[in-house]
Amino acid sequence: MFISAAYIRFFRSFNFDYLRKAHRDFEPNPWDVLEPDGLQYPFVKVSLERDVTTVVGANESGKSQLLTAIKHGLTGKGIERGDFCRYSQFFAVKKAMAFPDFGLEFKHLGPTDLESLAKACKTKLDDGTESFWMFRIGGKDPVVYVRQGDDWAKYPVKDKKLLDALLPQPFEIDATVALPQSVPIKYLADAERSLRTSPRKTRLGLVNQILENGPSWFGSAEGVSAATPTLISAFSTANTQDAEHDKQLALADDLLLKVAGIDRTAFQELLNAVEEGKDGFANGIVERINRGLSGALNFPKWWSQDLHFQLLVTLRDQDLVFTIRDRTGTEYSADERSGGLKYFLSYFVQYLSHEPPKSGAREVLLMDEPDAYLSSTGQQDLLRIFEDFAHPQDPTRTACQVVYVTHSPFLIDKNHGDRIRVLEKGEGDEGTRVVRNAARNHYEPLRSAFGGFVAETTFISNCNLMLEGMSDQVMLAGMSARLRRQRTASTDSLDLNAVTLVPAGSAPHIPYLVYLARGRDVDRPAVIVLLDSDASGNQAVKALKKGPNGKPVIDAKYVLQLGDLPTDALVSTLPAGVVAIEDLIPLPICIEAVKRYANEFLDPTEAAKIGTLKPKDVNFEGCSGTHDALEQAATAKLVGFHLDKVGFARSVLQAVREDSTLTAAAEVLDANFRVLFRELGRRQRQAMREITTEKTSAKIKRIKRSFLLDHPITADRAQATLLLEEAEAALDNSVDAEELKSHIRTMRRDFELDDDPTEPINDFAAFRDALEALVYREVNEVQEP
């Protein structure tokens, strides 16, 4: 059972559904009618996905209020007259104010759910009942509605405890609490969490103040009397209750005990060891704690910005201090790192430590703008946590529904555009509404929701798939989303959150676009290329192999032409095989897509002519591919007809989504695109592995640093020769590596390293400078003058 919709009326910015009320076909549901007046004011309905729902909207559009409304609907708690919509005509001061109204729709009831619902209402329900509606209207007890044929049956809830046990329980990840800088060992050893403690910095300040003033304060009775007010003030400050710090300590406790699985007795032993001065034993316990942390967190899986990230604890007096080790091998305190990392750590710990109710009740996670502290990459990592809440990889975890609101385009899951709900606040007394045509108009209201429309093609991201045109982008994105909805293997679809689809406009533009992405800097993003197997595609492949100035900027293994797809795995409509992406689409789907395109774009008379198109009308002889053959066949029906590739791609996706008669053809389409995605995915993973391995400059820098530590003042020529051999071995076979090898040969010649190897280098300072030039040569080559 899950929440399929939330219903809200007269709550803060939600007034009522004014568009539905004004519609000529408006028919109220029984809960839309106000008693006893019989006035009809429909609820604002927000449909929810069974796994993850993303709510977007401009400031003050009602996003956060939706989360509150869901909580009120589920629990019945916190519903106040003061939250009644201020611009509702029913907001009055001459009589008792009314309460706002809330409702929820539930679907996919199981037998146990149905039995519990029947007991709560003390009635009998049909065995086939799979959904029900529950409303809390006017601050009164909840009522349940069940559909029976064309009618509604209304049941008052007789046993509210049974209903509460049936309904999902809302919970939240606290977006305002971060891990503390340190945690007292005594706190971790206390099973009741009853220890009141202030931050370590405050406690150390108090101790230092006492030690510095000890002689004057405690040297005499007069000194004690004089110091008493200062001591009282200092102790009072150190023991001030800090609710935020208490939350941080509780989070640390969850991390070490629930997530890392460390027994509380280990902290009791650690505290005893510290107090008794057994440093070796104490350090051994801390080392075991860190091993437990590393194994339980598996942080590189979730934090994509640093695959070498580690969270550690370090012993400081009677505290455990949290430190972070990154890819540089350096350790930092938590406060020295960005707020984004600290808060992502917090979200991650709360995710791992969350325990479902012991009663087995379902849950729904409600989260309000979790993007506040996170970078774009951190937000993408958070998306994967939300996905794991809804579809846990760990079989011991229970799936739960997720609803979150955001302003950020980076917290939109591009693989699931169907999850987006757009809220918009109308003018005057209109209140908040759900924009149901958001999928039709991609500029408004999404532009307003995010404060600026961010086009996917504006950016070159960390990983990019270069395409010939927008129709390829539409087909790949749409088919990937379609296959993901089928829960297909991750290798058989594209992760649109991990790869950016970049249309070049045409095949001849691709070599230059690849050069812009990869050819002008040392830090090169991952790029793969998809091209047609026609003349222009072949020419683009040649240009990529040659590269600007004769220097290729991408390896040929990252370029895929559609004609190179494994033919034994494809089902093609063309005897000549696959040349363009349209050739992967079975003919029945193509015919239906052309008709849909005509109905949408042409006037009815012209569309009717295209509507007579049949598969037998399509002749592939003398045509360059499926698109050309379709356009020629349609032109025979309507002179001058042009089949726009982007419009055709959209119509293909619409046809396979809506036309049940195309099921067999859709299975062929899915199979063909699985083959394409498999080939693209293999290249994408290889390209990503290339940019995540240690860079050449980093290898040479490491070799140089080690050499200068061993030889800070001088070195003989043999030692320098070994250094340069090691540096040369770290290079690959790229054009840039050849230039570095040339620089190494110059160093050998200039410093006469092949002559008399036992002699010291003549000018060691100059040799050091030449090493620095070698390390930074790549970076300097691409700097603007």
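In terms of our numbering, the sequence shown opens at residue 493 and continues consecutively.
Where is the CB? At the ideal position from N, CA and C, for every residue including glycine.
From a predicted model like this one, the values you see are computed outputs, not experimental measurements.
- Cβ contact annotation for Leu617 (same chain, cutoff 7 angstroms, sequence separation greater than five): Leu606, Leu609, Ala610, Val638, in chain order.
- Under the three-state reduction of DSSP output, Trp644 falls in the strand class.
- Annotation: the continuous beta strand (DSSP E) that includes Val994 extends over 992-995.
- Beta-bridge analysis with DSSP links Lys513 to no other residue.
- A distance below 7 angstroms separates the beta carbons of Ile665 and Met859.
- If you check the CB distance, Ser845 and Lys693 do not come in under 7 angstroms.
- According to the DSSP assignment, Tyr679 belongs to the alpha helix (DSSP H) that extends over 677-681.
- Assignment of beta-bridge partners to Lys1049 by DSSP yields no partner.
- Residue pairing for Tyr839: DSSP places it in no beta bridge.
- One alpha carbon belongs to Ile754, the other to Glu861, and they sit about 32 angstroms apart.
- Annotation: the continuous alpha helix (DSSP H) that includes Gln1031 extends over 1027-1038.
- Contact between Asp543 and Ala882 is confirmed by a C-beta separation of about 4 angstroms, below the 8 angstroms threshold.
- Nearest to Glu761 by C-alpha distance, out of Asp746, Pro1107, Pro691, Arg780, is Arg780.
- Residue pairing by DSSP puts Trp625 in a beta bridge opposite Glu597, Tyr637.
- A direct Cα-Cα distance of roughly 27 angstroms separates Arg928 from Glu855.
- In the three-state reduction of the DSSP assignment, Leu959 falls in the strand class, which pools E and B.
- If only complete runs of 3 or more residues are kept, the segment 529-576 shows the beta strand (DSSP E) at 536-539, 544-549, in order along the chain.
- Ranked by Cα distance from Thr992, the options Gly630, Glu1092, Asn907 are led by Asn907.
- Within the model, the alpha-carbon separation for Leu658 versus Ala1100 is close to 53 angstroms.
- The alpha carbon of Gly909 has as its nearest neighbour, out of Gly918, Ala853, Gly970, the alpha carbon of Gly970.
- Going by beta carbons, Glu1218 and Ile1195 fall inside the 7 angstroms limit.
- Counting the other CB atoms within 10 Å of its CB gives Leu559 a total of 16 or more, which places it among the buried residues.
- The beta strand (DSSP E) runs of length 3 or more contained entirely in the segment 766-830 are, from start to end of the chain, 802-808, 811-817, 823-825.
- Between the segment 972-987 and the segment 1166-1181 there are three or more inter-stretch CB-CB distances shorter than 8 angstroms, so the stretches are counted as touching.
- DSSP lists Glu855 as the bridge partner or partners of Gln661.
- Boundaries of the alpha helix (DSSP H) harbouring Phe1256: 1256-1267, taken from the DSSP string.
- With 16 or more neighbouring CB atoms inside 10 Å of its own CB, Met1239 falls in the buried class.
- Nearest to Glu879 by alpha-carbon distance, out of Lys650, Thr546, Pro1058, is Thr546.
- With respect to Leu1122, Val1086 sits close: the two C-beta atoms are nearer than 7 angstroms.
- Separation of Arg1260 and Arg1016 (C-alpha to C-alpha, rounded to the nearest whole angstrom) is 28 angstroms.
- Straight across, the Cα-Cα distance linking Trp523 with Tyr896 is about 27 angstroms.
- In the three-state reduction of the DSSP assignment, Ala1222 falls in the coil class, being assigned neither a helical nor a strand state.
- The C-alpha of Gly641 is placed about 20 angstroms away from the C-alpha of Cys613.
- Unbroken alpha helix (DSSP H) stretches of 4 residues or longer found wholly inside the segment 1047-1105: 1079-1093, 1096-1102, given in chain order.
- Of the residues Lys563, Ser728, Asn705, Pro672, the one whose Cα lies closest to the Cα of Asp656 is Lys563.
- In the three-state reduction of the DSSP assignment, Ala497 falls in the strand class, which pools E and B.
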